[in-house]
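Per my numbering, numbering of the sequence shown is gapless, rising by one per residue and ending at 993.
Only one structure is covered here, and it is reproduced in the block below.
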Amino acid sequence: MKLRLSLITTAVLFFAGGQMVEAQRTKKDTTTTEKQIDEVVIVAYGSQKKETLVGSNTEIKAKQFADRPISNIGQAIDGASPGVKVSTGTGQPGSAPSIQVRGIGSYGISTSPLYVVDGVIYTGSLSAINPNDIASFNILKDAASTSLYGSAAANGVVLITTKSGRKGTDVLNFNMSTGYVGRSIPEYDRVDVYQYYPLIWEAIRNGRFTTNPGAGLAAANNYASIVLISGNSTFGSGVLKTNVFNVPDQQLVIDGVLNPNAQLKYTDLDWQGPLMKTGFRQNYELNYSGGTNKTTYFSSVSYTNETGYLIKSDFERFTARLKVDSQIKSWLKLGTSISGVSSNGNNSIDGADNNTAYINPYNWTRTMGPIYSPYAHDPNTFATLYDAAGNIVYDAGGARGADAAAGRNIIQETLLNKDISKNYYIISRSYAEFKVDPYLTLSTNVGYDIRNNRRSRYVNKLIGDAAPAGAAEKTTFTEQTLTWNQLLNYKRKFDVHNFEFLLGHENYKYIYEYFNAYKQGQTVDDNDELINFVTPTTVTSQTDNYKKESVFSRLNYDYKSKYLLSGSIRWDASSRFAKDVRWNSFWSVGAGWRIKGEDFLKDSRLISDLKLRGSYGEVGNDGTNSYYMYKSTYSLGYNNAQEPGILFGFLADPSITWESNKQTDVGLDFGFLNNRITGSVDYYNRITDDLIFPVPVPVSSGVPGNSISKNVGTMYNRGFEFALSADVVKNENFTWSINANASTLKNQVTELSQGITEIINGTKKVSVGHSVYDYWLRQWYGVDPADGSPLFLVADAYAGTTASDIRTVNGTQVTTNFNKAKYDYSGSAIPDLFGSFGTSISYKQWSLSTMFTYQLGGMTYDSNYQSLMSSYSQGGALSTDILNRWTTPGQITDVPALNSSTYTSSNAASSRWLVKSDFITFRQATLAYSFSPESISQYGLTSFRLLLSGENIWSKTARKGLEPAQTFNGTTSNRYTPARIVTIGFSLSF
């Protein structure tokens, strides 16, 4: 029977022993006859009919991300599935986002999912995998789906399946795109140079009047005018030290008003412009695939080059890949794939690790006061200065206030310093599959990956941390992983009873080799090799080894594909733990009822799919920050001249072992109107036992960090997940589909033991009955309308006292002293609801797809904004919100008076700096035009498409400049904010 396939969905895949089989399904349109072909999806160590799954398994196919200008597959995970929360990557080209599946898997160790590429665990960088070499990826979320990965599966699993060739006609594809890279998150609004001086004058005046009220207001005004810039011998040094106007320092601000005769001496006061430009992205890909009846092949090469919007940040990658599968005999199939990757680039400063460092360009371009120029000027003519070679001369910051990085220049340092990384990867897979009989298959898989990273840093000798000597650093590390598994798969059907049994064994080995050398004292210019430096300050090396051995098994059963049962177990041994606690078992059981298969629904035209499923199981987490958790360790290299020295580094608990996740999942999958409407609803309850916490020990014990890591806690993550998609309109010329997903999450610590009652870390306090992301902060009350003082709720220890810094306002006892403020829980970083929605429209040869991500609820502690709201800035930038400060008795405002004597209380960490985390982001869009086959066949083409695509197009947050998706725990840092990328391109096939 001749069948016209109007809509082909690549479902993926069989990878048991490396074999991948692609299946297809057809959907009925207005003119065709429907014929259903079983849809197959990737599961752990194999594949399975989708209708018999009892676990939570979300599949994302290549066509859903193929046209997007992304550098790694992690970016495609954002918004792809309910229950998956993404902390966006930085603007650094090639950076990857952080991902959490179904909540917070741990407190002190890894919460990242496990990645598996073509059936083998992958620990390398996602940026080493060309997204267009990927056929699909599957996100496994519950124990029934993940338990075969045992101790590595507590935080979910992402299965990545790469493309293979197909039997039949050879296909040659070429894709290219090019476009611009810009900033997606706008900067906070800040006051300008004309507003700035009077504001600082006001803070000085108010502070002086507060501490010396007897002298009168006029005296305080005079004092402020004198010390605003340069000061004098009576009042001491000035505050801001720089006057960019053409009037005398002491006449710049009189009685709080900028001198009306003041004119700027120069206007080059912008620090962001010289560092933040428009970047450029280009991508080229060529792949060739095909096959005979016995052998299929796929090969590809690609080149990606992206320069960031911050100068000296870029990413360049070359990839080449070959994959061959061959049916050597009727009973023997062999296959291999190998990828070679070379990437390099200029690294921007890690803003999270260097939040307030002088070398952080995002910090100092944001917080530099608007009165300072990055350039030097002639003191008489005010003209910009140039050296003898015609290069602009940078201002070294000798005349800046205390908050303005005196003695530094972030623009000059960024231009002079170097930080370059080069990465080389080999990613290889091989398998052999033996068909013993029609029911029994034996297979073996080997995966070997190696990554070599070389990082070269140069710190200039003119200005900054290494001046006047200069310094160079070389760092190299090599990571090797070797995985070898052996699988036995028995699959049998007895009438209406279907059985599948898997038995496997796996060895995993990871080797990390590290070398670092740092030298100072540059000899000649323009040479940053170590031999050009005199004094070695650090030379060190390190090698780590990590091994796992596993035995696992799975049994699936179904009756008429209607009643479904599944069970799996895995025994893991990890070298991170002592021998007597090294082995542990991880398991799951699951069941499903495919209600659509019942007689009372079989012929229903309304309900096309309905399945109830549930599972329970236990998986583990050994992702600690040490490979030797059960061993006390010592640090070497603490030598005194020629005398060797070692230092106690880490006190171990020999009985420490895995964290375990006990997971319950109940789900309902549904489809209506011939699957024109499909969706799912899930509820999960994930309990983490044996949480690893740092248990305090007495300071007198001499233990580093005054703590020892132990298994002492329990917490849960639970929530609902919803997914819905619908083909609203579907005919020959026009289709319109919509999709949405939503998730909830509740996290709570339920047990702490061994004497621990609480753990305070920054803005959070961990205690029983609260989330690990609940804020613990001073309780901000507001601003006293009477005098503009900052007010906090008073701590119980000071309640009822009569100190001068404690008062009653509107019947509430408060304090102006932040040291007497009450601490309490102040909301959570966890949102009430998060997810995505999108639409796809096609009309004849045009198509448009869009996706939005969103979050409702939760709070962000905006320390970036906090740094712009000082009540006494000494050269630092100020938010325009400071213009709402208290100035007049009786005034109602939420911004305290500017005051140099009380600003430490105003600026103290408190619930004042919490802001709603609600956001909506126009995450991506792609517009495409496909030429008709008739119009291009004369040129030998089978497909030709034009593309316009964008990433991070627009976002709406509670405050301009805020980036709520920066971290999972709700904190902010001065980091390289994500880039907006817009590209045009084309793809063609022969």
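We treat Cβ as the ideally placed atom computed from N, Cα and C, and that holds for glycine.
task: For Tyr-521, collect the residues of the same chain with a Cβ closer than 6 Å to its Cβ; drop the 5 residues on either side in sequence, then sort them by chain order.
output: Glu-476, Thr-540 and Thr-541
message: For Ser-774 and Ala-912, what's the separation of their Cα atoms in angstroms?
response: 20 Å
- request: Kindly indicate the opening and closing residues of the alpha helix (DSSP H) around Asn-366.
  value: 364-370
- request: In the DSSP assignment, find the unbroken alpha helix (DSSP H) run with Gln-78 in it and report its ends.
  value: 77-80
message: If distances are taken between C-alpha atoms only, which option among Leu-639, Thr-691, Lys-565 and Thr-417 comes closest to Gln-275?
response: Thr-417
- request: Note down the Cα distance separating Ile-76 from Ile-137, rounded to an integer number of angstroms.
  value: 9 Å
query: Taking the C-alpha atoms as reference points, what is the distance between Met-872 and Thr-486?
result: 53 Å
field: Between the CA atoms of Thr-819 and Gln-877 - distance to the nearest angstrom
entry: 22 Å
- prompt: Which value, in whole angstroms, describes the spacing of the CA atoms of Ala-391 and Lys-421?
  reply: 24 Å
- prompt: Assuming Tyr-375 and Val-396 make a contact with CB atoms under 8 Å, what is their CB distance in whole Å?
  reply: Incorrect: roughly 15 Å between the Cβ atoms, too far for contact.
- prompt: Between the region 57-71 and the region 115-130, are three or more C-beta pairs nearer than 8 Å?
  reply: no
Other residues of its chain near Tyr-365: CB distance less than 7 Å, five sequence neighbours each side excluded: Gly-354, Asn-977, Arg-978 and Tyr-979
query: Hey, Phe-248 and Ala-265 are a contact pair by Cβ (cut 8 Å); roughly how many whole angstroms apart?
result: 4 Å
message: Since Val-499 and Tyr-549 should fall inside the 8 Å C-beta cutoff, what is the C-beta to C-beta distance between them, to a whole number of angstroms?
response: In fact, because the Cβ distance is near 46 Å, the residues do not count as touching under 8 Å.
message: Quick check: what's the CA-CA separation for Arg-721 versus Tyr-226?
response: 60 Å
Spatially closest choice to Val-184 from Gly-127, Arg-284, Asn-209 and Pro-251, by CA coordinates: Arg-284
query: Exposed or buried, which one is Arg-71 when buried takes at least 16 other CB atoms within 10 Å?
result: buried
task: Take the Cβ of Glu-436 as the centre, count every other Cβ of all protein chains shown within 10 Å, and call the residue buried at 16 or more, exposed below.
output: buried
Where Lys-88 falls: helix, strand or coil (DSSP): strand
- prompt: Going by the beta-carbon positions, is the gap between Phe-925 and Thr-986 smaller than 9 Å?
  reply: no
query: Do you know how far the Cα of Ile-711 is from the Cα of Tyr-633?
result: 11 Å
field: As assigned by DSSP and simplified to three states, the class of Arg-915
entry: helix
- prompt: Thinking just about the alpha-carbon of each residue, which of Asp-921, Ser-933 and Tyr-776 is nearest to the one in Tyr-846?
  reply: Ser-933
- prompt: Does DSSP put Ile-572 in a helix, in a strand, or in coil?
  reply: strand
field: Coarse secondary structure for Pro-96, derived from DSSP in three states
entry: coil
7 Å Cβ shell around Leu-780 - same chain, five flanking residues per side excluded: Thr-766, Tyr-826, Ser-829, Ala-912, Ser-913 and Ser-914
Ordered list of alpha helix (DSSP H) runs contained in the region 170-234, each at least 4 residues: 196-214 and 220-230
task: Identify whether Gly-21 lies in helix, strand or coil by the three-state DSSP scheme.
output: Bear in mind that the predicted position of Gly-21 carries a pLDDT of just 36, short of 50, making it too unreliable to give a figure here.
message: Quick check on the burial criterion: 16 or more other C-beta atoms within 10 angstroms. Buried or exposed for Val-527?
response: exposed
query: What residues are listed by DSSP as bridge partners for Tyr-300?
result: Gly-293 and Val-327
query: Is the region 101-111 in contact with the region 45-57, if contact means three or more CB pairs nearer than 8 Å?
result: no
message: Less than 6 Å between C-beta atoms, sequence neighbours within five positions excluded: which residues of the same chain meet that for Ser-340?
response: Lys-326 and Arg-432
- request: Decide if Thr-905 is buried, meaning its Cβ has at least 16 other Cβ atoms within 10 Å, or exposed.
  value: buried
- request: Just the C-alpha distance for Ile-572 and Trp-590, rounded to the nearest angstrom, thanks.
  value: 4 Å
- prompt: From this set, Pro-116, Thr-213, Ala-83 and Leu-143, which residue's C-alpha is nearest Asp-790's C-alpha?
  reply: Thr-213
- prompt: Within 10 angstroms of its Cβ, does Trp-367 collect 16 or more other Cβ (buried), or is it exposed?
  reply: buried
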